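Participant:
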Amino acid sequence: MEKKIALIRGDGIGPEIIVQAVKVLDQVARVYGHSFSYTDVDMGGNAIDKWGDPLPQAELEKCLASDSVLLGAVGGPKWNDVPGPMRPEKGLLRLRAAMEVYSNNRPAKIWPQLASASPLKPELVEKGIDFIIVRELTGGIYFGSHSTRQEGGQAVAEDILTYSAEEIRRIGRIGFETARKRKGRLCSVEKSNVLDSSRLWKKVMHELAGEYPDVVLSDMLVDNCAMQIVRDPSQFDVIVTENMFGDILSDEASMITGSIGTIPSSSLGATTRGLYEPIHGSAPDIAGQDAANPIGTILAAGMMLRFSFDMEREADAIEQAVSDTLDAGFRTADILSSTDCVKVGCTRMGEEIANRIQ
Ligand code: IPM
Ligand code: MG
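Using this note's numbering, count along the sequence shown one by one with no gaps and you end on 365.
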């Protein structure tokens, strides 16, 4: 198969981890007889420096003309004082909106090899950690109006949180369908004791439940969910939640699996063109030191093969190569928890994984 992939290297560790993911993709192409071509796209802080815009229209067009988009990470302290609409992150939000990828899938699964890297007690880890957070990605407070004004001699800031029933319904369906393919348990997470948008969320989820009699739906308040994820993560199969809650809970969920560095994510909408990225940020503190963990990005490339290109065997091969590399004892600094492992940098980790693709 021939596929056109838009590559957004981004800022901080973004470029380093993307190089490793491309190495793995190229190896998959060789072994399985595919041809992947890449187009570089400027987005984030580097695009602000180069073009004065975190996502110029021409760069966005390249993404929309591709079969899928692979992203490293954007942002960094250099652009902290840039005004809101021009921040590096705004490029990412505009991209998600323009690609209409409303459904973000973030797995929290512990690799058995990394169990000792989890900050949770071994008896909790042994019960198993294997759930998915389905996060609504193009609505809610991220996309409401944002403003800061002077009022009564002081600054007042406002961010508007809006959801329509239809926006909730379409992500709700993804939640139910994801649960249906797994253990059949869907937990809808909201703050219906305080927010109107959450009360609508809960109502729509319960309306949908009638269409999915094979899925057991439960409700959980987001504060309780944050607690339950560290108290007993084995209780979760699929969590479906709104944009900001999903952002926060997915960082928490990734940490209990050992490191945020190993978690990929997929973002999809109505078409097969997806946006694939690790869930971590640009980690400017370790950028350029060959210290980043490329596994999240490599697994994101694997998700791209599975969900956008229908390449199941190839995606399995990437996951297997990651597992085999961990079995062989290779660890980047963030997942190094035992002395009998070999500490490697980002480049070597990418090479070890690519060499194990078969
Ligand atoms: C994420 C990130 C982004 C988000 C930022 C960079 C805008 O934290 O993908 O989780 O909040 O969605
Ligand atoms: Mg986040």
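C-beta atoms are modelled at their ideal positions from N, C-alpha and C, and glycine is treated no differently. All values derive from a computational prediction rather than experimental measurement.
Check each candidate in R16, I20 and A13 and name the one with the smallest Cα separation from A298.
Facilitator: In the sequence shown, counting from the first residue as 1, residue 298 sits at position 291. Ranking R16, I20 and A13 by Cα distance to A298 puts I20 first.
Participant: On a CA-only basis, which of E321, R363, A328 and G281 is nearest L71? Give me that one, please.
Facilitator: As a first step, residue 71 must be located in the sequence shown, where it is residue number 64. Nearest option by C-alpha distance: G281.
Participant: Around the C-beta of R338, are 16 or more other C-beta atoms found within 10 angstroms, so that it is buried, or is it exposed?
Facilitator: Numbered from its first residue, the sequence shown carries residue 338 at position 331. By the 10 Å Cβ count, R338 comes out buried.
Participant: CA-CA distance, G253 and S330?
Facilitator: For the purposes of this step, residue 253 is identified with residue 246 of the sequence shown, where counting begins at 1. For the purposes of this step, residue 330 is identified with residue 323 of the sequence shown, where counting begins at 1. About 27 Å.
Participant: Quick one, are the C-beta atoms of S195 and V247 less than 9 Å apart?
Facilitator: Residue mapping note: residue 195 aligns to position 188 of the sequence shown, counting from 1. Residue mapping note: residue 247 aligns to position 240 of the sequence shown, counting from 1. Yes; because the gap between Cβ atoms is below 9 Å, this pair is in contact.
Participant: Please name the residue in M356, I364, G217 and R37 whose C-alpha comes closest to that of M8.
Facilitator: For the purposes of this step, residue 8 is taken as the residue at position 1 of the sequence shown. Ranking M356, I364, G217 and R37 by Cα distance to M8 puts R37 first.
Participant: Taking DSSP as the reference, what is the three-state secondary structure of F183?
Facilitator: If you number the sequence shown from 1, residue 183 lands on position 176. Correct three-state label for F183: helix.
Participant: Ignore the nearest five residues each way along the sequence and tell me which others in G265's own chain have a CB closer than 6 Å to its CB.
Facilitator: For the purposes of this step, residue 265 is identified with residue 258 of the sequence shown, where counting begins at 1. Answer for G265: L121, A124, S125 and I342, listed in chain order.
Participant: Compute the Euclidean distance between the alpha carbons of T185 and I286, then round it to the nearest angstrom.
Facilitator: Residue mapping note: residue 185 aligns to position 178 of the sequence shown, counting from 1. Residue mapping note: residue 286 aligns to position 279 of the sequence shown, counting from 1. Roughly 19 Å between the two C-alpha positions.
Participant: Specify the secondary structure class of E399 as computed by DSSP and reduced to three states.
Facilitator: Coverage of the chain is limited to positions 8 through 365, which leaves residue 399 absent and any answer about it impossible.
Participant: Which residues does DSSP list as the beta-bridge partners of I15?
Facilitator: Taking the first residue of the sequence shown as position 1, residue 15 is located at position 8. Per DSSP, L78.
Participant: Tell me whether T279 is buried or exposed, calling it buried when 16 or more other Cβ atoms sit within 10 Å of its Cβ.
Facilitator: Taking the first residue of the sequence shown as position 1, residue 279 is located at position 272. So T279 counts as exposed.
Participant: List the DSSP bridge partners of D47.
Facilitator: As a working note, residue 47 is residue 40 in the sequence shown. In DSSP, D47 forms a bridge with L14.
Participant: Just to be sure I understand the criterion: a residue counts if its Cβ is closer than 6 Å to at least one heavy atom of ligand 2. Which residues meet that?
Facilitator: Going by the Cβ distance cut-off, the answer is D254 and D258.
Participant: Out of curiosity, what's the CA-to-CA distance linking Y369 and I325?
Facilitator: Only positions 8 to 365 of the chain appear in this structure, which leaves residue 369 out of reach.
Participant: Rounded to a whole number of angstroms, what is the C-alpha to C-alpha distance between P129 and I117?
Facilitator: Within the sequence shown, residue 129 is the residue found at index 122, counting from 1. Within the sequence shown, residue 117 is the residue found at index 110, counting from 1. Going by the C-alpha atoms only, they are around 12 Å apart.
Participant: In whole angstroms, what is the alpha-carbon distance linking V245 and K350?
Facilitator: Position 238 of the sequence shown, counted from the first residue, corresponds to residue 245. Position 343 of the sequence shown, counted from the first residue, corresponds to residue 350. About 33 Å.
Participant: What residue does the beta strand (DSSP E) around L224 start on, and which one ends it?
Facilitator: Within the sequence shown, numbered from 1, the residue matching residue 224 stands at position 217. V223 to L228 is the span of the beta strand (DSSP E), which, as asked, contains L224.
Participant: Mind checking whether the beta-carbon of I286 lies closer than 8 Å to any heavy atom of ligand 1?
Facilitator: Indexing the sequence shown from 1 puts residue 286 at position 279. Yes, the beta carbon of I286 sits closer than 8 Å to at least one heavy atom of ligand 1.
Participant: Quick one: measure Cβ to Cβ for K11 and D74, integer angstroms, because I've assumed they're closer than 8 Å.
Facilitator: In the sequence shown, counting from the first residue as 1, residue 11 sits at position 4. In the sequence shown, counting from the first residue as 1, residue 74 sits at position 67. Right, the Cβ-Cβ distance comes to about 5 Å (below 8 Å), so this counts as a contact.
Participant: Quick one: give me the first and last residue of the alpha helix (DSSP H) that T304 is part of.
Facilitator: By 1-based counting over the sequence shown, the position of residue 304 is 297. Element bounds for T304: I302 to M310.
Participant: Report the rounded CA-to-CA distance for I140 versus R113, giving the unit in angstroms.
Facilitator: The sequence position of residue 140 within the sequence shown is 133, counting from 1. The sequence position of residue 113 within the sequence shown is 106, counting from 1. Going from the Cα of I140 to the Cα of R113 covers about 5 Å.
Participant: Measuring CA to CA, which of V108, G303 and K97 is closest to E174?
Facilitator: Start at 1 with the first residue of the sequence shown, and residue 174 comes out as number 167. Taking only the C-alpha atoms, the option nearest E174 is V108.
Participant: Buried or exposed for S272, please, with buried defined as at least 16 other CB atoms from any protein chain shown within 10 angstroms of its CB.
Facilitator: Sequence index remark: in the sequence shown, residue 272 carries index 265 (1-based). The residue is buried, with at least 16 neighbouring Cβ atoms inside 10 Å.
Participant: In its own chain, which residues sit with a C-beta less than 7 Å from the C-beta of R156, not counting the 5 before and 5 after it?
Facilitator: Here residue 156 refers to the residue found at position 149 when the sequence shown is read from its first residue. Excluding sequence neighbours, R156 sits near V163.
Participant: Decide if D366 is buried, meaning its Cβ has at least 16 other Cβ atoms within 10 Å, or exposed.
Facilitator: Nothing about residue 366 can be reported from this structure: the residues present for the chain run from 8 to 365 only.
Participant: Considering only residues of the same chain and omitting the five flanking positions on each side of Q34, which have a CB-CB separation below 8 Å?
Facilitator: Locating residue 34 in the sequence shown gives position 27, counting from the first residue. Once the five neighbours on either side are set aside, the close Cβ partners of Q34 are A361, N362 and I364.
Participant: Pick out whichever of H213, A13, S199 and E359 has its Cα sitting closest to the Cα of L366.
Facilitator: In the structure as shown, the chain begins at 8 and stops at 365. Residue 366 is therefore absent and cannot be evaluated.
Participant: Closer than 8 Å by C-beta to F235: which residues in its own chain qualify, once you throw out the five before and the five after it? Chain order, please.
Facilitator: Looking up residue 235 in the sequence shown gives position 228. Note on identity: in this sequence residue 235 is Gln, with Phe being the wrong assignment. Contacts found: M227, Q242 and F243.
Participant: Suppose the cutoff is 7 Å on Cβ atoms and the five residues either side in sequence are ignored; what does the same chain contact list for G135 look like?
Facilitator: Here residue 135 corresponds to residue number 128 of the sequence shown, with the count starting at 1. Excluding sequence neighbours, G135 sits near S241.
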